[in-house]
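Undergrad:
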Amino acid sequence: MEIKRGYPQPLWRLTLASEDITQRIQPRLMQLTLTDNRGMEADQLDLTLDDSDGRLDIPTRGASIHLSLGWSDTGLIDKGSYTVDEVEHSGTPDQLTIRARSADLRQGITTKKERSWHQTTVGAIVRTIAAENELWPSVSPDLEAQPVAHLDQTSESDANLLTRLAEMFDAVSTVKAGRLLFYKIGRGMTVSGKELGRVSIARKDGDRHRFSVADRDACTAVTASYYDTKAGKKAEVTIRREKGEDGEKLDHSGDNTKTLRHTYANKANAMLAANAALDQAARGVSTFSLTLARGRPDLFPELPASVSGWKPAIDGTDWLIEKVTHRLSPGGLVTELEFERGIDGEGQEEVAE
Numbered sequence: 040m041e042i043k044r045g046y047p048q049p050l051w052r053l054t055l056a057s058e059d060i061t062q063r064i065q066p067r068l069m070q071l072t073l074t075d076n077r078g079m080e081a082d083q084l085d086l087t088l089d090d091s092d093g094r095l096d097i098p099t100r101g102a103s104i105h106l107s108l109g110w111s112d113t114g115l116i117d118k119g120s121y122t123v124d125e126v127e128h129s130g131t132p133d134q135l136t137i138r139a140r141s142a143d144l145r146q147g148i149t150t151k152k153e154r155s156w157h158q159t160t161v162g163a164i165v166r167t168i169a170a171e172n173e174l175w176p177s178v179s180p181d182l183e184a185q186p187v188a189h190l191d192q193t194s195e196s197d198a199n200l201l202t203r204l205a206e207m208f209d210a211v212s213t214v215k216a217g218r219l220l221f222y223k224i225g226r227g228m229t230v231s232g233k234e235l236g237r238v239s240i241a242r243k244d245g246d247r248h249r250f251s252v253a254d255r256d257a258c259t260a261v262t263a264s265y266y267d268t269k270a271g272k273k274a275e276v277t278i279r280r281e282k283g284e285d286g287e288k289l290d291h292s293g294d295n296t297k298t299l300r301h302t303y304a305n306k307a308n309a310m311l312a313a314n315a316a317l318d319q320a321a322r323g324v325s326t327f328s329l330t331l332a333r334g335r336p337d338l339f340p341e342l343p344a345s346v347s348g349w350k351p352a353i354d355g356t357d358w359l360i361e362k363v364t365h366r367l368s369p370g371g372l373v374t375e376l377e378f379e380r381g382i383d384g385e386g387q388e389e390v391a392e
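If you're matching positions, the sequence shown starts at 40 in my numbering and goes up one per residue.
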């Protein structure tokens, strides 16, 4: 990497099986890409190395890689451990590509199980699964005591069950640094369980951006079906948004209603799922993506963000970071951000049956 006097330089450190290999790899590094995903989707580390002299060894699958990223004026930030699961050698000129995924998603949490959860709470489910997988649970206070009347886990992994449970509450379930985190979207938590602060990004920090808004197909109501045990038949519940972004009451004469495919165990679960789906649809109306010319290794998904220097429609939106991609090459360190609109879930009501 070309060094420019007087300018901060990207820093990085890579260990393989606890051995620091940074100095050995640095002259060969063509591209390092770290993709930080939301929820239970594994974070991914991709390394492309120059092997034109044929002297690189191909690492074994299952090897552990640990990464830190940062800048010379701010220091390194721990970006976690990853397990090698794909290796490719190509040429000419020869190069070695290594793909590793987050080591936090352990085998036990992805193993399929058979059981049912009855008359319990979100907190109890998360704590049970965390204990079974030797993880430390952190559940946001607004979800801890939320009742779960019934939930079947049929040939389903704990990771998938937690994802499904999170969808019911418009929440995120993720594993970071040995902790199982469960919190409402837009109310993210650190690995220690503290609420995330808001990050501010100015246009001068960016390089390229893209903003889009398209609400013509956005649903304003969601219908979910459930088993009505008293009536002995399937029933439906519909949730619709009563207020627009301006706080004014919406005209529902032309409602675009989305119907959920799953049939829920009871009305309470159906209402939770419908509310969550309505929030998800509202967040997708506006999207914003941005490439930071000076990478920000401190950024990660679920951080609430404020931006400035663009159009009022962009600056005036409460954004939520959905996905983060860090790219390191001989040309520098950049960070690509994908945002969605922050939604508080207020102003939604059940349609009278």
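Where is the CB? At the ideal position from N, CA and C, for every residue including glycine.
Taking only the alpha-carbon atoms, compute the straight-line gap between leucine 235 and arginine 226 and give it to the nearest angstrom.
TA: Indexing the sequence shown from 1 puts residue 235 at position 196. Indexing the sequence shown from 1 puts residue 226 at position 187. For leucine 235 and arginine 226, the distance between alpha carbons rounds to 7 Å.
Undergrad: My guess is that leucine 204 and isoleucine 164 are in contact by the Cβ rule of under 8 Å, so how many angstroms apart are they, rounded?
TA: The residue given as residue 204 occupies position 165 in the sequence shown. The residue given as residue 164 occupies position 125 in the sequence shown. Confirmed, Cβ separation roughly 7 Å.
Undergrad: Counting only runs that start and end within the region 294–356, where is the alpha helix (DSSP H) found for 4 or more residues in a row?
TA: Correct list: 306–322, 351–354.
Undergrad: Can you tell me where the beta strand (DSSP E) with arginine 77 in it begins and where it stops?
TA: Counted from its first residue, the sequence shown places residue 77 at position 38. Per DSSP, arginine 77 belongs to no beta strand (DSSP E) and is neither H nor E.
Undergrad: Determine the direct distance from the alpha carbon of aspartate 112 to that of leucine 331, and round the result to whole angstroms.
TA: Here residue 331 refers to the residue found at position 292 of the sequence shown. Here residue 112 refers to the residue found at position 73 of the sequence shown. Approximately 17 Å, taken between the alpha carbons.
Undergrad: How would you write the range of the alpha helix (DSSP H) that isoleucine 168 sits in, first residue to last?
TA: As a working note, residue 168 is residue 129 in the sequence shown. Start and end: 161–171.
Undergrad: I need the boundaries of the alpha helix (DSSP H) containing glutamate 125, first residue and last residue.
TA: Within the sequence shown, the letter at position 86 stands for residue 125. Looking at the DSSP string, glutamate 125 is not in any alpha helix (DSSP H); the run it does join, the beta strand (DSSP E), is 114–129.
Undergrad: Would you grab the beta carbon distance between proline 340 and aspartate 75 for me? Rounded to a whole angstrom, and I think it's under 8 Å.
TA: Here the question's residue 340 lines up with position 301 in the sequence shown. Here the question's residue 75 lines up with position 36 in the sequence shown. With a Cβ gap of about 6 Å, proline 340 and aspartate 75 count as contacting.
Undergrad: What are the boundary residues of the alpha helix (DSSP H) that includes proline 176?
TA: Within the sequence shown, residue 176 is the residue found at index 137, counting from 1. First-last for proline 176: 175–178, but that is the beta strand (DSSP E), not the alpha helix (DSSP H).
Undergrad: How is proline 186 classed by DSSP in three states: helix, strand or coil?
TA: As a working mapping, residue 186 is identified with position 147 in the sequence shown. Looking at proline 186 - three-state DSSP - the assignment turns out to be strand.
Undergrad: Starting from proline 371, follow its DSSP beta bridges and name the residues at the other end.
TA: Counting from 1 along the sequence shown, the entry for residue 371 is found at position 332. Going by the sequence as given, residue 371 is glycine instead of proline. Glycine 371 pairs with Ser368.
Undergrad: Entirely within the region 214–273 and at least 3 residues each: give me those beta strand (DSSP E) ranges in chain order.
TA: Listed in chain order, the complete beta strand (DSSP E) runs (minimum 3 residues) inside the region 214–273 are 218–223, 238–241, 245–252, 260–267.
Undergrad: I think glycine 162 touches glutamate 195, with their Cβ atoms under 8 Å apart; what is that distance to the nearest whole Å?
TA: Stepping through the sequence shown from its first residue, residue 162 is reached at position 123. Stepping through the sequence shown from its first residue, residue 195 is reached at position 156. In fact, because the Cβ distance is near 20 Å, the residues do not count as touching under 8 Å.
Undergrad: Pull up the DSSP beta-bridge partners for glycine 109, would you.
TA: Within the sequence shown, numbered from 1, the residue matching residue 109 stands at position 70. DSSP output for glycine 109 lists Leu50, Leu115 as bridge partner(s).
Undergrad: DSSP three-state label for glutamine 146, please.
TA: In the sequence shown, residue 146 corresponds to position 107, counting from 1. Looking at glutamine 146 - three-state DSSP - the assignment turns out to be coil, as it is neither helix nor strand.
Undergrad: Where histidine 157 and threonine 262 are concerned, what is the direct C-alpha to C-alpha distance, given to the nearest angstrom?
TA: Stepping through the sequence shown from its first residue, residue 157 is reached at position 118. Stepping through the sequence shown from its first residue, residue 262 is reached at position 223. About 24 Å.
Undergrad: Quickly, what does DSSP pair threonine 136 with across the bridge? List them, please.
TA: As a first step, residue 136 must be located in the sequence shown, where it is residue number 97. Bridge partners of threonine 136: Thr87, Glu127.
Undergrad: Could you pull the DSSP bridge partners for glutamine 70 from this structure?
TA: Within the sequence shown, numbered from 1, the residue matching residue 70 stands at position 31. Answer by DSSP bridge pairing, in chain order: Thr87.
Undergrad: Run the CB neighbour count on arginine 237, radius 10 Å, all protein chains shown included, and call it buried at 16 or more, exposed below.
TA: Taking the sequence shown and counting its residues from 1, the one referred to as residue 237 is at position 198. It counts as exposed.
Undergrad: Looking at C-alpha atoms only, which residue of Phe378, Leu73, Thr122, Ile97 is the closest neighbour of serine 251?
TA: Start at 1 with the first residue of the sequence shown, and residue 251 comes out as number 212. Checking every option, the nearest Cα to that of serine 251 belongs to Phe378.
Undergrad: Identify whether threonine 277 lies in helix, strand or coil by the three-state DSSP scheme.
TA: In the sequence shown, residue 277 corresponds to position 238, counting from 1. In this structure, threonine 277 counts as strand in the three-state DSSP scheme.
Undergrad: Compare the beta carbon distance of threonine 99 and glutamate 153 with 8 Å and say whether it is the shorter of the two.
TA: As a first step, residue 99 is located in the sequence shown; it is residue number 60 there, counting from the start. As a first step, residue 153 is located in the sequence shown; it is residue number 114 there, counting from the start. No, the Cβ-Cβ distance between threonine 99 and glutamate 153 is not below 8 Å.
Undergrad: Which first and last residues belong to the alpha helix (DSSP H) in which glutamine 65 is found?
TA: Counting from one through the sequence shown, the residue named residue 65 turns up at place 26. Where glutamine 65 is concerned, there is no enclosing alpha helix (DSSP H), given that its DSSP letter is neither H nor E.
Undergrad: Kindly identify the DSSP beta-bridge partner or partners of isoleucine 58.
TA: The residue you call residue 58 lines up with position 19 of the sequence shown. Sequence check: residue 58 is glutamate here, not isoleucine. DSSP lists Leu55 as partners of glutamate 58.
Undergrad: Under 8 Å between the Cβ atoms of isoleucine 278 and leucine 317?
TA: Within the sequence shown, numbered from 1, the residue matching residue 278 stands at position 239. Within the sequence shown, numbered from 1, the residue matching residue 317 stands at position 278. Yes; because the gap between Cβ atoms is below 8 Å, this pair is in contact.
Undergrad: State the start and end residues of the unbroken alpha helix (DSSP H) segment that holds aspartate 197.
TA: Walking along the sequence shown from the start, residue 197 turns up at place 158. Unbroken alpha helix (DSSP H) run through aspartate 197: 197–207.
Undergrad: Taking the Cβ atom as the reference point for each residue, do asparagine 314 and alanine 188 lie within a distance shorter than 8 Å?
TA: The residue you call residue 314 lines up with position 275 of the sequence shown. The residue you call residue 188 lines up with position 149 of the sequence shown. No, Cβ-Cβ distance for asparagine 314 and alanine 188 is not below 8 Å.
Undergrad: Taking a contact to mean a Cβ-Cβ separation below 8 Å, would you say aspartate 90 touches leucine 135 in this structure?
TA: Within the sequence shown, numbered from 1, the residue matching residue 90 stands at position 51. Within the sequence shown, numbered from 1, the residue matching residue 135 stands at position 96. It is a contact, given that the beta carbons lie within the stated cut-off.
Undergrad: Have a look at leucine 342 and leucine 68 and give me their C-alpha separation to the nearest angstrom.
TA: By one-based count along the sequence shown, residue 342 stands at place 303. By one-based count along the sequence shown, residue 68 stands at place 29. Straight-line Cα distance between these residues: approximately 30 Å.
Undergrad: Would serine 264 pass as a contact of alanine 307 if the rule is Cβ separation under 8 Å?
TA: Against the sequence shown, residue 264 aligns to sequence position 225. Against the sequence shown, residue 307 aligns to sequence position 268. Not a contact, by the Cβ cut-off of 8 Å.
Undergrad: Taking 6 Å as the limit between beta carbons, can you name the residues of its chain near isoleucine 168, skipping five residues before and five after?
TA: Translated into positions along the sequence shown, residue 168 becomes position 129. Result list for isoleucine 168: Asp197, in chain order.
Undergrad: Counting C-beta neighbours from all protein chains within 10 Å, is the total for tyrosine 303 16 or more, i.e. buried, or is it exposed?
TA: Translated into the one-based positions of the sequence shown, residue 303 becomes position 264. Buried.
Undergrad: Indicate the three-state DSSP secondary structure (helix, strand or coil) for aspartate 181 in the structure shown.
TA: By 1-based counting over the sequence shown, the position of residue 181 is 142. Reduced to three states, the DSSP call for aspartate 181 is helix.
Undergrad: Taking all protein chains shown into account, decide if threonine 356 is buried (16 or more other Cβ within 10 angstroms of its Cβ) or exposed.
TA: Translated into the one-based positions of the sequence shown, residue 356 becomes position 317. Burial call: buried.
Undergrad: Alpha carbon to alpha carbon, how far is leucine 174 from proline 351?
TA: The residue you call residue 174 lines up with position 135 of the sequence shown. The residue you call residue 351 lines up with position 312 of the sequence shown. Going by the C-alpha atoms only, they are around 43 Å apart.
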